[in-house]
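Asks: Take any residue in the sequence shown, note its place counting from 1, add 184, and you have its number in the working numbering.
Take this structure, written in structure tokens, and hold onto it; I'll ask about it next.
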Amino acid sequence: MLEKLAALKQSFESDLAQARSGRQLSLLRDRYLGRKGGRLTLMMKGLKSVAVDDRKEVGRSLNQLKARIETAIETARQRIESESTRQESAGITLDVTLPGKRRALGHLHPLTRVRRDIEEIFYSIGYSVADGPEIETTYYNFEALNIPEDHPARDQGDTFYLSENLLLRTHTSPVQIRTMKRLRPPLRIICPGTVYRRDNPDATHSPVFQQIEGLAVDEHLTFRDFKGTMEYFLKAFFSEGTRVRFRPSYFGFTEPSAEVDISCTFCAGSRCRVCKQTGWIEVLGAGMVDPEVFRHVGIDSERHIGFAFGAGIERFAMIKYGVDNIQNFYQNDLRFLRQF
Ligand code: PHE
Numbered sequence: 185m186l187e188k189l190a191a192l193k194q195s196f197e198s199d200l201a202q203a204r205s206g207r208q209l210s211l212l213r214d215r216y217l218g219r220k221g222g223r224l225t226l227m228m229k230g231l232k233s234v235a236v237d238d239r240k241e242v243g244r245s246l247n248q249l250k251a252r253i254e255t256a257i258e259t260a261r262q263r264i265e266s267e268s269t270r271q272e273s274a275g276i277t278l279d280v281t282l283p284g285k286r287r288a289l290g291h292l293h294p295l296t297r298v299r300r301d302i303e304e305i306f307y308s309i310g311y312s313v314a315d316g317p318e319i320e321t322t323y324y325n326f327e328a329l330n331i332p333e334d335h336p337a338r339d340q341g342d343t344f345y346l347s348e349n350l351l352l353r354t355h356t357s358p359v360q361i362r363t364m365k366r367l368r369p370p371l372r373i374i375c376p377g378t379v380y381r382r383d384n385p386d387a388t389h390s391p392v393f394q395q396i397e398g399l400a401v402d403e404h405l406t407f408r409d410f411k412g413t414m415e416y417f418l419k420a421f422f423s424e425g426t427r428v429r430f431r432p433s434y435f436g437f438t439e440p441s442a443e444v445d446i447s448c449t450f451c452a453g454s455r456c457r458v459c460k461q462t463g464w465i466e467v468l469g470a471g472m473v474d475p476e477v478f479r480h481v482g483i484d485s486e487r488h489i490g491f492a493f494g495a496g497i498e499r500f501a502m503i504k505y506g507v508d509n510i511q512n513f514y515q516n517d518l519r520f521l522r523q524f
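Below, the structure is given as structure tokens:
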């Protein structure tokens, strides 16, 4: 038995010397120590038939050989692994002249850019940003703004109602009410935000869009301050050469009210398709705050004067960037967005 063991050991050592890979080592291990047909395993099973007197010594030798095989295979495995990583890293050379990997950097959505541009202009003249909820009560969205019960804007067909008294705000004007209830004049705020109207989507309408509303309330404001602020803003946003004109209009919450036009940025006023041959493009609704609105928020209209204006951010973006379909802003087509 001991002789057979010595022969087995020798055959293992020569097999081991041939093994070149982790896989070959695994096969080697199976050949000698495999649970079923391993050569050493079989010999261990044969221990029972060894004469009792010899059994102890043979058993010890069997165990020694088993331990030898295990450590030898483990050592060989480590050697092979470290050699292969050394070879791999030796093959890698660093070519510093290769172009780097370009990381795809995103950028702001054109509507976000326009909104921020407008905010910057107003920050520069002392305004701050105010915020309010997109789900509003009929009181803040209509009543406090002096929009009467039977006004068409209140119609189910124009407004998304969530219940009798709750709706998705149709403009950002309720934020001026909330702010005037919260803060005392002098006030200078702009309120950007999402608004909702039941319009069918087409090239110039979207049921969800962005507005920016402005409000100034102080003791000695005049219509000239209002006009001057509008002109300053529109020239700063579009260009210094932009001309601005005011047309009389009507809003429940302003009196007098105006629609504000700029000279067409596409034909500089010489009439084209975009300005429908008029030379002008409408960009704002605005006016002097109606005393009735001040009454709702508890501001003394004998002492305080206000002006307010509201603009569609999409419209500003369309004019500034020459986009002819509002839907482009919502389709997230990268071919469109990458142009900004
Ligand atoms: N809220 C008006 C609209 O949505 C715009 C506006 C704001 C008009 C402030 C006058 C003053 O059409």
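Glycine included, C-beta positions come from ideal geometry on N, C-alpha and C.
Would you check if there are 3 or more beta carbon pairs closer than 8 Å linking the segment 349 to 367 to the segment 448 to 456?
Replies: In short, these stretches do not touch, since the Cβ pair count stays below three.
Asks: Quick one: which unbroken alpha helix (DSSP H) runs of 4-plus residues sit fully inside the segment 251 to 322? Chain order, please.
Replies: Entirely contained in the segment 251 to 322, the alpha helix (DSSP H) runs reaching 4 residues are, in chain order, 294 to 307.
Asks: From I361 to P332, what does the alpha carbon distance come to, in whole angstroms?
Replies: Against the sequence shown, residue 361 aligns to sequence position 177. Against the sequence shown, residue 332 aligns to sequence position 148. Cα-Cα distance, rounded: 16 Å.
Asks: From Y216 to I276, what does the alpha carbon distance come to, in whole angstroms?
Replies: As a position in the sequence shown, residue 216 is number 32, starting the count at 1. As a position in the sequence shown, residue 276 is number 92, starting the count at 1. So the two alpha carbons sit approximately 38 Å from each other.
Asks: If we ignore side chains and look at the alpha-carbon of each, how far apart do E498 and E272 end up?
Replies: By one-based count along the sequence shown, residue 498 stands at place 314. By one-based count along the sequence shown, residue 272 stands at place 88. Approximately 57 Å, taken between the alpha carbons.
Asks: In whole angstroms, what separates the C-alpha of K220 from that of M227?
Replies: Counted from its first residue, the sequence shown places residue 220 at position 36. Counted from its first residue, the sequence shown places residue 227 at position 43. Each residue's alpha carbon lies about 11 Å from the other.
Asks: Any heavy atom of the ligand PHE closer than 7 Å to the beta-carbon of F478?
Replies: Along the sequence shown, read from residue 1 onward, the residue named residue 478 stands at position 294. Answer for F478: no, Cβ out of range of the ligand PHE.
Asks: Under the criterion of a Cβ to heavy atom distance below 7 Å, does F326 qualify as lining the ligand PHE?
Replies: Position 142 of the sequence shown, counting from 1, holds the residue named residue 326. Answer for F326: no, Cβ out of range of the ligand PHE.
Asks: Would you be able to state if there are at least three C-beta pairs under 8 Å between the segment 499 to 517 and the segment 475 to 485?
Replies: No, the segment 475 to 485 is not in contact with the segment 499 to 517.
Asks: Can you name the residues that DSSP bridges to I373?
Replies: Taking the sequence shown and counting its residues from 1, one reaches residue 373 at position 189. Paired residues: S312 and L399.
Asks: Any heavy atom of the ligand PHE closer than 7 Å to the Cβ of F393?
Replies: As a working mapping, residue 393 is identified with position 209 in the sequence shown. No, Cβ of F393 sits at least 7 Å from all heavy atoms of the ligand PHE.
Asks: Quick check on DSSP: helix, strand or coil for A203?
Replies: Taking the first residue of the sequence shown as 1, we reach residue 203 at position 19. Looking at A203 - three-state DSSP - the assignment turns out to be coil, as it is neither helix nor strand.
Asks: Between A288 and R522, what straight-line distance do the alpha-carbon atoms span, to the nearest angstrom?
Replies: The residue given as residue 288 occupies position 104 in the sequence shown. The residue given as residue 522 occupies position 338 in the sequence shown. The straight-line gap from Cα to Cα measures roughly 12 Å.
Asks: Check S433 in the structure and name its three-state DSSP category.
Replies: Within the sequence shown, the letter at position 249 stands for residue 433. Of the three classes helix, strand and coil, the one that applies to S433 here is strand, per DSSP.
Asks: Quick one: Cα of G230 to Cα of G243, how far?
Replies: Position 46 of the sequence shown, counting from 1, holds the residue named residue 230. Position 59 of the sequence shown, counting from 1, holds the residue named residue 243. The alpha-carbon atoms of G230 and G243 are separated by roughly 10 Å.
Asks: If I'm right that Y380 touches F344 with Cβ under 8 Å, what's the distance once you round it to whole angstroms?
Replies: Translated into the one-based positions of the sequence shown, residue 380 becomes position 196. Translated into the one-based positions of the sequence shown, residue 344 becomes position 160. Contact flag correct, Cβ pair sits at about 5 Å.
Asks: Mind checking who A492 pairs with in its DSSP beta bridge?
Replies: Residue mapping note: residue 492 aligns to position 308 of the sequence shown, counting from 1. Answer is L399 and G471.
Asks: Where DSSP assigns a beta bridge to Q394, which residues make up the other side?
Replies: Taking the first residue of the sequence shown as 1, we reach residue 394 at position 210. BP columns for Q394 point to T378.
Asks: Let's test the definition: count the other Cβ atoms within 10 Å of the Cβ of D279 and tell me whether it reaches 16, buried, or not, exposed.
Replies: For this step, residue 279 is matched to residue 95 along the sequence shown. It counts as exposed.
Asks: For D238, name the three-state secondary structure that DSSP assigns.
Replies: Counted from its first residue, the sequence shown places residue 238 at position 54. Three-state DSSP puts D238 in a helix.
Asks: Cα separation between T269 and F513?
Replies: To locate residue 269, count along the sequence shown from 1; it is residue 85. To locate residue 513, count along the sequence shown from 1; it is residue 329. Distance between the alpha carbons of T269 and F513: 52 Å.
Asks: Tell me the rounded alpha-carbon separation between R239 and A274.
Replies: As a working note, residue 239 is residue 55 in the sequence shown. As a working note, residue 274 is residue 90 in the sequence shown. When rounded, the distance between both Cα atoms is 52 Å.
Asks: Beta carbon of T426: closer than 7 Å to some heavy atom of the ligand PHE?
Replies: Taking the sequence shown and counting its residues from 1, one reaches residue 426 at position 242. The answer is no for T426.
Asks: Given a threshold of 16 other Cβ atoms within 10 Å of its Cβ, counted over all protein chains shown, does P358 qualify as buried or as exposed?
Replies: Numbered from 1 along the sequence shown, position 174 holds the residue referred to as residue 358. P358 comes out buried.
Asks: Whose C-beta lies closer than 7 Å to the C-beta of T321 among residues of the same chain, with five residues either side of it excluded?
Replies: Along the sequence shown, read from residue 1 onward, the residue named residue 321 stands at position 137. N349 and L350.
Asks: Helix, strand or coil, according to DSSP, for E466 in the structure here?
Replies: Mapped onto the sequence shown, residue 466 falls at position 282. DSSP places E466 in strand when its eight states are reduced to three.
Asks: Is it the case that the CB of E320 approaches a heavy atom of the ligand PHE more closely than 7 Å?
Replies: Position 136 of the sequence shown, counting from 1, holds the residue named residue 320. Incorrect: E320 has no Cβ contact closer than 7 Å to the ligand PHE.
Asks: Give the range of the beta strand (DSSP E) segment to which E439 is assigned.
Replies: The residue given as residue 439 occupies position 255 in the sequence shown. Element bounds for E439: T438 to S447.
Asks: Just tell me which of K460, S447, P432 and I503 has its CA closest to the CA of M472.
Replies: For the purposes of this step, residue 472 is taken as residue 288 along the sequence shown, with counting starting at 1. Looking at the Cα atoms, P432 is the closest of the given residues.
Asks: Do F493 and the ligand PLP come close, with the Cβ less than 7 Å from some heavy atom?
Replies: The ligand PLP is not part of this structure, which contains only the ligand PHE.
Asks: State the DSSP-derived secondary structure class of V477, mapped to helix, strand or coil.
Replies: By 1-based counting over the sequence shown, the position of residue 477 is 293. Reduced to three states, the DSSP call for V477 is helix.
Asks: Whole angstroms are fine: how far does the CA of R519 sit from the CA of R204?
Replies: As a working note, residue 204 is residue 20 in the sequence shown. As a working note, residue 519 is residue 335 in the sequence shown. If you take the alpha carbons of R204 and R519, they lie about 55 Å apart.
Asks: Among residues of its own chain, excluding the 5 on either side of N330, which ones have a beta-carbon nearer than 7 Å to its beta-carbon?
Replies: The sequence position of residue 330 within the sequence shown is 146, counting from 1. Once the five neighbours on either side are set aside, the close Cβ partners of N330 are G436, F437, D474, E476 and V477.
Asks: Compute the Euclidean distance between the alpha carbons of Y324 and R366, then round it to the nearest angstrom.
Replies: Stepping through the sequence shown from its first residue, residue 324 is reached at position 140. Stepping through the sequence shown from its first residue, residue 366 is reached at position 182. Distance between the alpha carbons of Y324 and R366 is about 13 Å.
Asks: So, for Q461: in the same chain, excluding its five sequence neighbours on each side, which residues have a beta-carbon less than 8 Å away from its beta-carbon?
Replies: Position 277 of the sequence shown, counted from the start, is the residue given in the question as residue 461. Contacts found: R455.
Asks: Could you give the distance in angstroms between the alpha-carbon of A260 and the alpha-carbon of A251?
Replies: Along the sequence shown, read from residue 1 onward, the residue named residue 260 stands at position 76. Along the sequence shown, read from residue 1 onward, the residue named residue 251 stands at position 67. Cα to Cα, A260 sits roughly 14 Å from A251.
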